[in-house]
Amino acid sequence: MPYLLSIILCLSLSPIWPLGDNPRAGDPFIIVNKATNKLAYIDDGKIQKVFPVATGKTNELTPEGTFDVVMKAKDPYYIAKDIPGGSPKNPLGSRWIGFNARGTDGSKYGIHGTNQPSSIGKYISQGCIRMKKNDVEYLFDRIPIGTKVWIVKSKKSFQQLAKEKGAVAYEEANEKVGFFYCNKLS
1 MPYLLSIILC LSLSPIWPLG DNPRAGDPFI IVNKATNKLA YIDDGKIQKV
51 FPVATGKTNE LTPEGTFDVV MKAKDPYYIA KDIPGGSPKN PLGSRWIGFN
101 ARGTDGSKYG IHGTNQPSSI GKYISQGCIR MKKNDVEYLF DRIPIGTKVW
151 IVKSKKSFQQ LAKEKGAVAY EEANEKVGFF YCNKLS
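Using full-length UniProt numbering, you'd call the opening residue of the sequence shown number 1 and step up by one each time.
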């Protein structure tokens with residue numbers, strides 16, 4: 001019985017315990033910082049890559065909060081202007097990673113490519129997050145449906161933000177490698 005209580009206590013206090021909007025430690029996780037127009041891809045408990053992105057023309061257009069990736073598409077069709085996927089005129093580029101912001105189904109808000117690479121780094125979209133072609137294809141290939149996406153406007157570093165959500169390994173947040181594990185309590 002004391003052993004069972006030790007396990008329950010350990011899991012309830014551990015940062016690897018999945019809580020609500022937080023990712024499970026080690027799972028892929030995306031943070032978009034609207035203050036810097038950058039996206040961090042986190043996996044295996046550490047920041048793997050940081051990419052420049054474009055976000056909404058106004059602060060309100062790109063929603064803030066934690067969302068789930070609910071849809072992925074290669075060469076997405078652009079319904080608004082009837083532009084087929086794969087067309088150089090398609091503003092969605094070669095990949096669509098849709099997330100469920102503001103009660104939507106993943107078809108309204110997303111992380112996607114662009115046919116205007118010079119727009120990256122700017123506040124220019126209607127609410128989506130634009131990425132360069134190679135960057136969005138890299139990300140698309142590494143994240144599964146269900147990946148958490150946290151969109152925030154912050155002066156904090158990605159390391160600090162990832163630590164807040166438990167997305168980086170405990171010691172990684174202190175520039176070391178390794179996960180935090182509970183030891184058996186005596």
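Glycine included, every Cβ here is placed at the ideal spot set by N, Cα and C. Computed from a predicted structure; not experimentally measured.
* To do: Please state whether DSSP places residue 125 in a helix, a strand or coil.
  => Against the sequence shown, residue 125 aligns to sequence position 125. Strand, per DSSP.
* Identify whether residue 22 lies in helix, strand or coil by the three-state DSSP scheme. => Counted from its first residue, the sequence shown places residue 22 at position 22. Correct three-state label for residue 22: coil.
* To do: For the alpha helix (DSSP H) containing residue 77, list its first residue and its last residue.
  => Counting from one through the sequence shown, the residue named residue 77 turns up at place 77. Premise fails: residue 77 is in no alpha helix (DSSP H) and is neither H nor E.
* Classify residue 136 as helix, strand or coil using the three-state DSSP reduction. => Sequence index remark: in the sequence shown, residue 136 carries index 136 (1-based). Residue 136 falls in the helix class under three-state DSSP.
* Asked: Are the beta-carbon atoms of residue 158 and residue 50 separated by less than 8 Å?
  -> On the sequence shown, residue 158 is found 158 positions in, with the first residue counted as 1. On the sequence shown, residue 50 is found 50 positions in, with the first residue counted as 1. Judged by their CB atoms, residue 158 and residue 50 are nearer to each other than the 8 Å cut-off.
* Using 10 angstroms around the beta-carbon of residue 35, count the other beta-carbons present and answer buried if the total reaches 16, otherwise exposed. => Walking along the sequence shown from the start, residue 35 turns up at place 35. With fewer than 16 other Cβ atoms from the protein chains shown falling within 10 Å of its own Cβ, residue 35 counts as exposed.
* **Helix, strand or coil at residue 141 according to DSSP, with G and I counted as helix** => Taking the first residue of the sequence shown as position 1, residue 141 is located at position 141. Of the three classes helix, strand and coil, the one that applies to residue 141 here is helix, per DSSP.
* Can you grab the Cα-Cα spacing for the pair residue 25 / residue 41, in whole Å? => As a working note, residue 25 is residue 25 in the sequence shown. As a working note, residue 41 is residue 41 in the sequence shown. About 13 Å.
* Asked: If we ignore side chains and look at the alpha-carbon of each, how far apart do residue 76 and residue 100 end up?
  -> The residue given as residue 76 occupies position 76 in the sequence shown. The residue given as residue 100 occupies position 100 in the sequence shown. Straight-line spacing of the CA atoms in residue 76 and residue 100 works out to 17 Å.
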